[in-house]
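The next block holds one structure in the form of C-alpha cells; read it before the comments.
Residue numbers (my numbering), protein chains in the order written: chain U, 1 to 281; chain F, 282 to 368.
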C-alpha cells in the first residue's frame, strides 16, 4: 500500500489530506504543532459533514479520518512513497522544508510541490533528486475541484510525472499539463484579472459589486475577481502578483495601489471580516 | 418565537445582499444567490446563532430554501423543554 505524506495542515494541506483519504488512500498529515493537527482533523470532520450539501459525495467522517494519521515534524513521513508539500508560498519556507524532506525520505520518494507560483526547477535543484520533484497546483477547496495544474521541472523524470498523474486520477483529478513558468496558467491570468479589477475600483470607474457583476452575469463566471480576492485573501493576492512581477521583471504585473493600501489597513477579505466586501453582520 | 428566528435569518441574508429585496418565503436558491460559500455561511450562522447542531441528514437544500424553511429547521431543534438544560 502506498503511503502518502502531506506536509502542512493549513487550508490546502487539509483539503489534500481529505481528498486522498476519501478516495481510499492512507495519509500521514504533518505540521509543526499538535494543536494545528487537532484543529485540522476537526476541520476535515466538518468538511465531510458538509460535503453532500455543497454538491460533493456523501462522506462518512469517521471512515475518512480513520485513514489519516498525524505527526509533528518531517521525520514522520520518512517511509512515505509520495510526499505532497503544502507549506506557505514563500521561497525560503519551501526550500527549507524540501531540504529537510530530502534528508529523511528514501531515494525513490516523489516530492509533489503544491504551489501556484514557485518555480519547480528551482526547488528541485535544492534537493539531491530533481528527477523526483514535480509541481501540482491544487485548487481550493481541493476535494470539490475536478482539475489541477501539473508542472514538471526541467529535470523531472517521465516516471515521476506519470506516477503523479496516476495518483491525481485516483483522487478524481484531471491533470492539466503546464510547463514550469512562474504563475503557471491560472495565477498568471487570474491575478491580472484581480489586480486590474482593484485598479478599476481604485480609479472610481466602477464599484466592486459592478466589477463582479460583469464577470458573473456577462462572462458566466461563478464568482467575480474581487469576491475571489476576498476569498483568497487580499494580502495573499498582493504577495502573488508581486512574486510574478519580480520574476518576469515586467511592469504589466505592477500591483494595484489599492491592494497595497487594503493589505496595510488589514482589509484582507473574508478571513479578516472585511475586504472589498464587509462580512461583519 | 418562530417569527423572530425567521426575522434574524432574513436579516442575515439581507445583510449579505443589501441591494436585493427578500421576503421570508422567497426561495433564495432559485433566485441564484446561493453559491457553496454562502450555503456554508448559512449553516455556520444558524448553528452559532441558535446554538444547535444540524444533523448531516438535515443538510439538504429544502431546509435552507427560505428564511421560513430555515426557521422551521431551527425550531425543530429547540423544543421548549430543552431551553432549561441548554446551559
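Glycine included, every Cβ here is placed at the ideal spot set by N, Cα and C.
- Residue 85 of chain U sits buried, since 16 or more C-beta atoms from the chains shown fall within 10 Å of its C-beta.
- Under the Cβ criterion of 7 Å, residue 291 of chain F is not counted among the residues facing chain U.
- Judged by beta-carbon spacing, residue 5 of chain U lies within the 7 Å limit of residue 83 of chain U, meaning their Cβ atoms are closer than that value.
- Judged by DSSP in its simplified three-state form, residue 20 of chain U adopts helix.
- Contact between residue 192 of chain U and residue 150 of chain U is absent: CB atoms are separated by about 22 Å, not below the 8 Å threshold.
- The region 3-20 of chain U and the region 139-159 of chain U touch, with no fewer than 3 CB-CB distances between them shorter than 8 Å.
- Between residue 29 of chain U and residue 61 of chain U, the gap from beta carbon to beta carbon reaches 7 Å or more.
- By the neighbour-count criterion, in which a residue is buried when 16 or more other Cβ atoms sit within 10 angstroms of its Cβ, residue 255 of chain U is buried.
- Of the candidates F/318, F/311, F/330, F/330 places its Cα closest to the Cα of residue 292 of chain F.
- Taking 7 Å as the cut-off, the beta carbon of residue 315 of chain F is found no closer than this to the beta carbon of residue 303 of chain F.
- One finds nothing in chain U with a Cβ atom closer than 8 Å to the Cβ of residue 332 of chain F; even the nearest lies about 17 Å away.
- For the C-beta of residue 340 of chain F, the chain U residues within less than 8 Å are, from N- to C-terminus, 49, 50, 52, 53.
- The DSSP-derived three-state label of residue 211 of chain U is helix.
- For the region 298-322 of chain F, the set of residues with a beta-carbon nearer than 8 Å to any beta-carbon of chain U comprises 300, 316, 317, 318, 320, 321, in chain order.
- Chain order gives the chain U residues near residue 324 of chain F as 50, 53, where near means a beta carbon separation below 8 Å.
- Beta-carbon to beta-carbon, residue 14 of chain U and residue 44 of chain U are separated by about 6 Å, close enough to satisfy the 8 Å threshold.
- Less than 7 Å divides the Cβ of residue 95 of chain U from the Cβ of residue 126 of chain U.
- With fewer than 16 other beta carbons inside 10 angstroms of its own, residue 33 of chain U counts as exposed.
- Residue 147 of chain U is bridged by DSSP to U/174.
- Where residue 36 of chain U is concerned, the enclosing alpha helix (DSSP H) starts and stops at 34-50.
- Between the region 256-263 of chain U and the region 232-239 of chain U there are three or more C-beta pairs closer than 8 Å, enough to call the two in contact.
- Here residue 351 of chain F is buried: its Cβ has 16 or more other Cβ atoms, across all protein chains shown, within 10 Å.
- Residue pairing of residue 26 of chain U in beta bridges, as defined by DSSP: U/3.
- Within the same chain, and ignoring the five residues on either side of residue 11 of chain U in sequence, the residues whose Cβ sits closer than 7 Å to its Cβ are 140.
- Contact fails between the region 166-186 of chain U and the region 200-217 of chain U, because fewer than three Cβ pairs, one in each stretch, are under 8 Å apart.
- Boundaries of the beta strand (DSSP E) harbouring residue 69 of chain U: 68-72, taken from the DSSP string.
- Taking residue 200 of chain U as the centre and dropping the five residues before and after it, the same chain places the C-beta of 206, 211 closer than 7 Å to its C-beta, in chain order.
- For residue 241 of chain U, the enclosing alpha helix (DSSP H) begins and ends at 234-248.
- By the neighbour-count definition (other C-beta atoms within 10 Å, threshold 16), residue 159 of chain U is an exposed residue.
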